[in-house]
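K.L.:
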Ligand SMILES: Nc1ncnc2c1ncn2[C@@H]1O[C@H](COP(=O)(O)OP(=O)(O)OP(=O)(O)O)[C@@H](O)[C@H]1O
Ligand SMILES: [Mg+2]
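Protein chains in written order, with the numbering used here: chain A, 880 to 1165; chain B, 22 to 265.
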């Protein structure tokens, strides 16, 4: 769940070259790939659902009849509801800057955007603890004003934003750069102001890429474990998100509930996969 | 509406794309901007439209006596036809043409029926009746070019800037469109500045021709003046070269 790889959506068709491998080696490569996928992705998925329904449908439903579980689900939805819109805006702004303006540090900004992909989420969480924790840099000042960030919702949101801010920007920046801005310029000479230009010209051009980025961002913000784990403090009914709650249940040997809740995340991943495929096809067609 | 360009310079980094350009296009005139590739034609046109800004300094641009040097493109509303059309690919031909009318502010914006009427009228004018519901990707190059022109004309611009409007088309279509543009200009008398690197095109269409070379204006004059009295070697050479 944690590992969402951004594939290059422009590479949807495989060129058939004359140098294609012989039949049997092609079969070998295909079976290795399919076998690996089956072992690494499909099997775990099957096991999750199998374990979730070990005590039948009733056992499954019962798992959700629990205050801590419903709270965790609510909290995760809340975090996503704050994170995704913010990161959509941020991603749009960043992609706009990178693709439309020439400025010093443009290269730097565009590699900074990939930071969450190569910084361990745990470290991201730690940074916020060091900044806002009780012993942290701003800790005393925050305490004085009665503001709680670490071990509370703001901390969880902050670290989730950090982990997921890459998705929208990373999908959009290359797309907007490739499209250029001739149409925007045409809109301006026709008397459109910045707002009209964005809504009528830019947005329709990038909407599938944007949707694709939002879907990925959403999936990751609901599934994030590492960064959130550091800042949340694992307080039941308070700061446990769904992934953290699953770990708690599992450690308490409540296997059916643990897998039942996990199956919800797995389902989210499947829905994401389907939506991602659909948006990629749409982008290819557009 | 007249255009006054006064002491305009443009540098990209250390490269001087335009050097102290002075030019006047009179109301209702059709002026051709002629010059080899890279001479700064597009740059000058973009500066007039407000898509690019000239170097800060004494330079200024006036539309009919009003200083527009610091105004943005959407305030200047110069009709602009791009070298590569720049049609809105996600809109139909009719929506493309109607765009400029639809983004107008409330009091000026025509109501829906009037917009539809103007679009139909423009489609007839560019001889593309019945093409309104097509998308740009379903048009030929010459058709796209005409749609781009109609889109620019829909808002009734006072100034028309055409960047190699027929550049990407074959000789025959060029000739037809050339005639069409001449006729159109005769009817409407919109002040027009158009870029070309085709000497025949410039001479056939324009009231006056401006020869640009390395960001410098070499000569301004009627086709006849240029042919008979080229001011310097470059002009003579450039005009001759193209003739062959
Ligand atoms: N954004 C830019 N950054 C740097 N240099 C530029 C930029 N735009 C134009 N130039 C340079 O300015 C010069 C003039 O360019 P311009 O596009 O105005 O030429 P042109 O006369 O329109 O040529 P063509 O006939 O090939 O279209 C060229 O040498 C070009 O490389
Ligand atoms: Mg040009």
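A virtual CB, placed ideally from N, CA and C, is assigned to each residue, including glycine.
(1) Could you tell me whether the Cβ atoms of residue 122 of chain B and residue 136 of chain B are closer together than 9 Å?
(2) For residue 103 of chain B, which residues in chain A fall below 8 Å Cβ to Cβ?
(3) Between residue 152 of chain B and chain A, is there a C-beta pair that is closer than 9 Å?
(4) Indicate whether the contact test is met: 3 or more Cβ pairs, each with one atom in the segment 85 to 104 of chain B and one in the segment 60 to 74 of chain B, closer than 8 Å.
(5) Listed in chain order, which residues of the segment 197 to 217 of chain B have Cβ atoms closer than 9 Å to some Cβ of chain A?
(6) If you reduce the DSSP assignment to three classes, tell me which class residue 888 of chain A lands in.
(7) Using a Cβ-Cβ cut-off of less than 7 Å, give me the residues of the segment 106 to 139 of chain B that come near chain A, in sequence order.
(8) I'd like to check one pair, residue 954 of chain A with residue 1121 of chain A: are the Cβ atoms closer than 9 Å?
(9) I'd like to check one pair, residue 1123 of chain A with residue 951 of chain A: are the Cβ atoms closer than 9 Å?
(10) Taking Cβ positions only, does residue 92 of chain B come closer than 9 Å to chain A?
(11) Is there a C-beta anywhere in chain A that falls below 9 Å from the one on residue 98 of chain B?
(12) Give the secondary structure of residue 45 of chain B by DSSP, where H, G and I count as helix, E and B as strand, and everything else as coil.
(13) With 9 Å set as the bound, which would you pick, yes or no: does the beta-carbon of residue 260 of chain B sit closer than that to a beta-carbon of chain A?
(14) Smallest Cα separation from residue 932 of chain A: which of A:1141, A:1063, A:1150, A:1050?
(15) So, is the C-beta of residue 1071 of chain A closer than 9 Å to a C-beta in chain B?
(16) Just list the alpha helix (DSSP H) runs in the segment 890 to 944 of chain A, keeping only unbroken ones of 4 residues or longer that don't cross its boundaries, in chain order.
(17) Could you please give me the residues that DSSP links to residue 37 of chain B through a beta bridge?
(18) Based on the DSSP output, what are the partners of residue 180 of chain B in its beta bridges?
(19) Just to confirm before moving on: does the CB-CB distance between residue 1052 of chain A and residue 978 of chain A stay below 9 Å?
(20) Which same chain residues end up closer than 7 Å to residue 1152 of chain A when comparing Cβ atoms and leaving out the 5 residues on each side of it in sequence?
(21) At a cut-off of 8 Å, is residue 138 of chain B close to ligand 2 when judged by its beta-carbon and the heavy atoms of the ligand?
(22) So, with DSSP's three-state summary, where would you put residue 252 of chain B?
(23) Distance check for residue 225 of chain B and residue 58 of chain B, CA to CA, integer angstroms please.
(24) For the segment 101 to 141 of chain B, list the alpha helix (DSSP H) runs that are entirely contained and at least 4 residues long, ordered along the chain.
(25) Compare the C-alpha of residue 1000 of chain A against each of A:960, A:1082, A:1038, A:984 and name the closest.
(26) Measuring straight from C-alpha to C-alpha, what distance separates residue 1128 of chain A and residue 1101 of chain A?
(27) Check whether the segment 1083 to 1097 of chain A touches the segment 1007 to 1024 of chain A, counting contact only when three or more Cβ pairs, one atom from each stretch, lie closer than 8 Å.
(28) When the Cα atoms are used, what is the spatial distance from residue 219 of chain B to residue 55 of chain B?
(29) According to DSSP, is residue 831 of chain A helix, strand or coil?
(30) When you compare only the Cα positions, how much space is there between residue 883 of chain A and residue 1049 of chain A?
(31) Give the interface partners of residue 70 of chain B over in chain A, defined as CB-CB distance under 9 Å, in chain order.
(32) With a threshold of 9 Å between beta-carbons, can residue 173 of chain B be considered close to chain A, or not?
(33) Would you list the residues sitting across from residue 55 of chain B in a DSSP beta bridge?
(34) Taking residue 1018 of chain A as part of the alpha helix (DSSP H), name the residues at either end of that continuous run.
(35) Report back the beta-carbon spacing between residue 1094 of chain A and residue 1158 of chain A to the nearest angstrom; my notes put them in contact at under 8 Å.
(36) Can you find a C-beta in chain A that's less than 9 Å from the C-beta of residue 176 of chain B?
P.N.:
So, to answer that:
(1) Sequence index remark: in the second chain, residue 122 of chain B carries index 101 (1-based). Sequence index remark: in the second chain, residue 136 of chain B carries index 115 (1-based). Taking the C-beta atoms as reference points, residue 136 of chain B is found nearer than 9 Å to residue 122 of chain B.
(2) Looking up residue 103 of chain B in the second chain gives position 82. Here the neighbours are 1061, 1064, 1065.
(3) Locating residue 152 of chain B in the second chain gives position 131, where the first residue counts as 1. Not one beta carbon of chain A lies nearer than 9 Å to the beta carbon of residue 152 of chain B.
(4) Segments in contact, yes.
(5) From the segment 197 to 217 of chain B, no residue has a Cβ closer than 9 Å to chain A.
(6) Taking the first residue of the first chain as position 1, residue 888 of chain A is located at position 9. Legend: pLDDT at residue 888 of chain A = 49, less than 50; position of this residue unreliable, value from coordinates given subsequently. If DSSP states are grouped into helix, strand and coil, residue 888 of chain A belongs with coil.
(7) Residues of the segment 106 to 139 of chain B that bring their beta carbon within less than 7 Å of a beta carbon in chain A comprise 107, 109, 111, 120, 121, 124, 125, in sequence order.
(8) Translated into positions along the first chain, residue 1121 of chain A becomes position 242. Translated into positions along the first chain, residue 954 of chain A becomes position 75. For the pair residue 1121 of chain A and residue 954 of chain A, the CB atoms are nearer than the 9 Å cut-off.
(9) Position 72 of the first chain, counted from the start, is the residue given in the question as residue 951 of chain A. Position 244 of the first chain, counted from the start, is the residue given in the question as residue 1123 of chain A. Taking C-beta atoms as the reference points, residue 951 of chain A and residue 1123 of chain A count as a pair closer than 9 Å.
(10) Numbered from its first residue, the second chain carries residue 92 of chain B at position 71. Judged by the 9 Å Cβ criterion, residue 92 of chain B is not in contact with chain A.
(11) Taking the first residue of the second chain as position 1, residue 98 of chain B is located at position 77. For residue 98 of chain B, the closest Cβ of chain A is nearer than 9 Å.
(12) Taking the second chain and counting its residues from 1, the one referred to as residue 45 of chain B is at position 24. In the structure shown, residue 45 of chain B adopts extended strand secondary structure according to DSSP, grouped into three states.
(13) Position 239 of the second chain, counted from the start, is the residue given in the question as residue 260 of chain B. With 9 Å as the cut-off, residue 260 of chain B does not count as an interface residue toward chain A.
(14) If you number the first chain from 1, residue 932 of chain A lands on position 53. Of the candidates A:1141, A:1063, A:1150, A:1050, the one whose C-alpha sits nearest the C-alpha of residue 932 of chain A is A:1141.
(15) Residue 1071 of chain A sits at position 192 when you count from the first residue of the first chain. Closer than 9 Å to some Cβ of chain B, the Cβ of residue 1071 of chain A qualifies, so yes.
(16) DSSP runs (the alpha helix (DSSP H)) wholly in the segment 890 to 944 of chain A: 902 to 916, 922 to 931, 935 to 942.
(17) As a first step, residue 37 of chain B must be located in the second chain, where it is residue number 16. Residue pairing by DSSP places residue 37 of chain B opposite B:32 in a beta bridge.
(18) Taking the first residue of the second chain as position 1, residue 180 of chain B is located at position 159. Bridge partners of residue 180 of chain B according to DSSP: B:212.
(19) Start at 1 with the first residue of the first chain, and residue 1052 of chain A comes out as number 173. Start at 1 with the first residue of the first chain, and residue 978 of chain A comes out as number 99. In contact: residue 1052 of chain A and residue 978 of chain A (Cβ atoms closer than 9 Å).
(20) For this step, residue 1152 of chain A is matched to residue 273 along the first chain. A distance below 7 Å between beta-carbons, with the five flanking residues on each side excluded, links residue 1152 of chain A to no residue of its chain.
(21) Sequence index remark: in the second chain, residue 138 of chain B carries index 117 (1-based). No.
(22) By 1-based counting over the second chain, the position of residue 252 of chain B is 231. Coil, per DSSP.
(23) If you number the second chain from 1, residue 58 of chain B lands on position 37. If you number the second chain from 1, residue 225 of chain B lands on position 204. Between residue 58 of chain B and residue 225 of chain B, the C-alpha separation is close to 20 Å.
(24) The segment 101 to 141 of chain B is shown to contain whole alpha helix (DSSP H) runs of 4 or more residues at 114 to 123, in chain order.
(25) Here residue 1000 of chain A is taken as the residue at index 121 of the first chain, counted from 1. When each option's Cα is compared against that of residue 1000 of chain A, the closest is A:1038.
(26) The count along the first chain starts at 1 and reaches residue 1128 of chain A at position 249. The count along the first chain starts at 1 and reaches residue 1101 of chain A at position 222. The straight-line gap from Cα to Cα measures roughly 18 Å.
(27) Result no; under three Cβ-Cβ pairs closer than 8 Å.
(28) Taking the second chain and counting its residues from 1, one reaches residue 219 of chain B at position 198. Taking the second chain and counting its residues from 1, one reaches residue 55 of chain B at position 34. Here the alpha carbons of residue 55 of chain B and residue 219 of chain B stand approximately 7 Å from one another.
(29) Since the first and last residues shown for chain A are 880 and 1165, residue 831 of chain A lies out of range.
(30) For the purposes of this step, residue 883 of chain A is taken as residue 4 along the first chain, with counting starting at 1. For the purposes of this step, residue 1049 of chain A is taken as residue 170 along the first chain, with counting starting at 1. At residue 883 of chain A the pLDDT is 47, less than 50, meaning the model places this residue with poor confidence; the figure from the coordinates comes in the next sentence. In this structure, the CA atom of residue 883 of chain A is about 13 Å from the CA atom of residue 1049 of chain A.
(31) Here residue 70 of chain B corresponds to residue number 49 of the second chain, with the count starting at 1. Neighbourhood of residue 70 of chain B in chain A, by CB distance below 9 Å: 1064, 1067, 1068, in chain order.
(32) Residue numbering aside, residue 173 of chain B sits at position 152 when the second chain is read from its first letter. Yes, contact with chain A.
(33) As a first step, residue 55 of chain B is located in the second chain; it is residue number 34 there, counting from the start. DSSP output for residue 55 of chain B lists B:217, B:232 as bridge partner(s).
(34) Indexing the first chain from 1 puts residue 1018 of chain A at position 139. First-last of the alpha helix (DSSP H) with residue 1018 of chain A: 1018 to 1023.
(35) Your numbering for residue 1094 of chain A matches position 215 in the first chain. Your numbering for residue 1158 of chain A matches position 279 in the first chain. Yes, residue 1094 of chain A and residue 1158 of chain A are in contact; Cβ-Cβ is about 7 Å, under 8 Å.
(36) Along the second chain, read from residue 1 onward, the residue named residue 176 of chain B stands at position 155. Taking Cβ atoms only, chain A reaches closer than 9 Å to residue 176 of chain B, which makes this a yes.
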